[in-house]
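Sequence lines, in order, name chains Y and Z.
Using our numbering, the first residue of the first sequence is number 324, and each one after it goes up by one.
Using our numbering, the first residue of the second sequence is number 1190, and each one after it goes up by one.
Built from N, CA and C at the ideal position, the CB exists for glycine as well.
Okay, so here's the structure we're looking at.
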Amino acid sequence: MWLKSVWAKPLLHLLCLLPFTGLLWAAFNGGLGANPVEKLTHETGAWTLRLLLLTLSLSPLRQWTGQAAWIRFRRITGLYTFFYLSCHFLIWFVADHSLDPGAMIEDIVERPYITLGFSAFLLMIPLAATSNQFMIRKLGRKWKSLHQLVYLIILLAVLHFIWLVKADYLEPGIYAIIAVILLAHRVGPIKRIGIKSAPVVR
Amino acid sequence: MIKIKKRWEIPESEVTPEPLYRRRREFMQAAGTIGGALLLNPWAAAQASLAIGDYQEKVISIDEEITEEEDATSYNNFYEFGTDKEDPKRNSKRFKTDDWQIVVSGECDKPGTYGLEDLMKPFSIEERIYRLRCVEAWSMVIPWLGVPLASVLKSLQPTSKARYVGFKTLHDPVRMPGQQRSVLNWPYREGLTIAEAMHPLTILSVGMYGKTMPNQNGAPIRLVVPWKYGFKSIKSIVGIEFSETQPRTSWNIAAPREYGFYSNVNPEVNHPRWSQKRERRIGEIFKRDTLMFNGYAEEVAELYDDLDLTVNF
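The following block contains the structure:
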């Protein structure tokens, strides 16, 4: 089964890095258009959301396919989510606010969609920091409760996107529908299956 | 600083500089027009499409670097051709503006349907280098070609009841594929008070960068109101209506709390999506401070002396 192949993880790393290298290449070849900062901000934001949805779909995939191996990839996609999110945040902080924390805080307070986005970023930090084997062992049962924050994070992220759009809700709408399906999946069936949903992290 | 060149200040030598003269010749040839009489006509237009002949350079300009033409023609908000910035250029390639007509209606003595050239022919074309500030907190500096809106409106003889002027964009979902989705309440509508419309800075523009208006920038004719957010400068105009009451405007209908009728560039009035204190000039990385009325306060502030701009945003 290819899911269990030793090549699966290296391949996933490559795939996750593809958008980043694509953007980097475009940046050095004038491929980002008239407003490169805006383009980078939007693209890193969109890839954060896509990877987060992918991360959240691994557990349902395990159930639908009966293949426990999907869960092996959760840490990788989760950490790449945080990587794109950090790029997204840094571009905004550096280029939009010229590294001025005062201006940044003002933006967070005054604009609800930024309040949501920034909250999601803050909540992602402890998840990324506790994704290693040592912290998983150390936290024990608390680890799972902590990482359930991801359900709140996906809601914040989707709302962040919907709220910033001016008129065309097509793309954020698609992400919202996927997020709702993935979340709904966890409310009903998982509880009944019970034991099967215990964290399997490798 | 804004420099306004008075017509009588222009030295004879500058009226038709050599390269411009040659450019005019090229336009003439392109339009397939040969003949002495036409050389004097700034609207060196064949029936097919509107070509621009002679114009006065830099009638109004600013000491700021002009945005790259490539950027100004490939990064556009023109939802009639798609909602992404790159969409309008791609989706407007086959847009035809032949036999363009404008319906003039409402409180004026000369209502009717005018061919674009008939409406514009009496006026000479001026180049105006203006800042363009988008509500999305980016800006450009664009050399427009156009005529003062006031000249055109006066020729239509508004009545004393004409307190506002409303504008309408073409509504044709076949030619403007973006209109096949109802992201906005089509047709796009905009409006100005009669004082704003008659202000000497307000122009009807038919070209930019010395050329005929590109489709993605609002061909064949668009409004340019440099002290207001870009969405007020309506594109591809097919309707002008004088009215006694304030016309409804598209973005105001879509989100009344965010987009007011006036929508003057104002760093002090907060917007829920974008801080209006600063803006990114296209071509630059870091943001710069946004100027009151987009830097045209000296010229237009008096229009709003009796208005609370935080209420009438």
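For F1450(Z), which residues in the same chain have their Cβ closer than 8 Å to its Cβ, ignoring the five residues on either side in sequence? G1380, Q1435, T1438, N1441 and N1501
For the stretch 1250-1261 of chain Z and the stretch 1370-1389 of chain Z, state whether three or more C-beta atom pairs, one from each stretch, are separated by less than 8 Å. no
Beta-carbon separation (whole angstroms), I1410(Z) vs L1393(Z), contact threshold 8 Å: 6 Å
Residue ranges of each alpha helix (DSSP H) run of no fewer than 4 residues wholly in the stretch 331-406 of chain Y, ordered along the chain? 331-351 and 359-388
Have a look at K1247(Z) and R1317(Z) and give me their C-alpha separation to the nearest angstrom. 6 Å
Whole-number beta carbon distance between G1396(Z) and L1334(Z), since they are thought to touch under 8 Å: 4 Å
Output needed for I485(Y): all residues of its chain with C-beta closer than 6 Å, excluding positions within five of it in sequence on either side, in chain order. P495
Does the count of Cβ pairs from the stretch 412-421 of chain Y and the stretch 1470-1484 of chain Z closer than 8 Å reach three? yes
With 16 as the cutoff for other CB atoms within 10 Å, does I448(Y) come out buried or exposed? exposed
Could you tell me the alpha carbon to alpha carbon distance between L326(Y) and A507(Y), rounded to whole angstroms? 26 Å
Return the residues of the stretch 351-373 of chain Y that lie within a Cβ-Cβ distance of less than 9 Å from chain Z, sorted by chain order. G356, A357, N358, P359, V360, E361 and K362
Any contact between the stretch 355-374 of chain Y and the stretch 1260-1274 of chain Z? By contact I mean 3 or more CB pairs, one from each, below 8 Å. yes
Going straight from the alpha carbon of L375(Y) to that of L462(Y), what length do you get? 23 Å
Going by C-alpha to C-alpha distance, which of S454(Y), I504(Y), V488(Y) and M458(Y) sits closest to Y474(Y)? I504(Y)
May I ask which residues mark the beginning and end of the beta strand (DSSP E) holding E1379(Z)? R1378 to T1382
Counting only beta-carbon atoms, is T1499(Z) nearer than 7 Å to chain Y? no
Which stretch, first to last residue, makes up the alpha helix (DSSP H) that contains L1390(Z)? First-last for L1390(Z): undefined, no H or E at that position.
Using a Cβ cut-off of 7 Å (strictly closer), state whether L1373(Z) contacts chain Y. yes
Reducing DSSP to helix, strand and coil, say where W1333(Z) ends up. strand
Short-range partners of chain Z found in the stretch 478-504 of chain Y, where Cβ spacing is below 7 Å: L487, A490 and D491
Give every residue of the same chain whose Cβ lies closer than 7 Å to the Cβ of W1327(Z), excluding the five residues on either side of it in the sequence, and list them in chain order. E1468, R1469 and I1471
Looking at chain Z, is there any beta carbon in it that lies within less than 7 Å of the beta carbon of D423(Y)? no
The alpha helix (DSSP H) spanning K1247(Z) covers which residue range? From DSSP, K1247(Z) is part of no alpha helix (DSSP H) but of the beta strand (DSSP E) over Q1245 to I1251.
Contacting residues, own chain, Cβ-Cβ under 7 Å from P1403(Z) (five flanking each side not counted): T1262
For A1408(Z), decide whether its Cβ has a neighbour in chain Y, counting only Cβ atoms nearer than 7 Å. no
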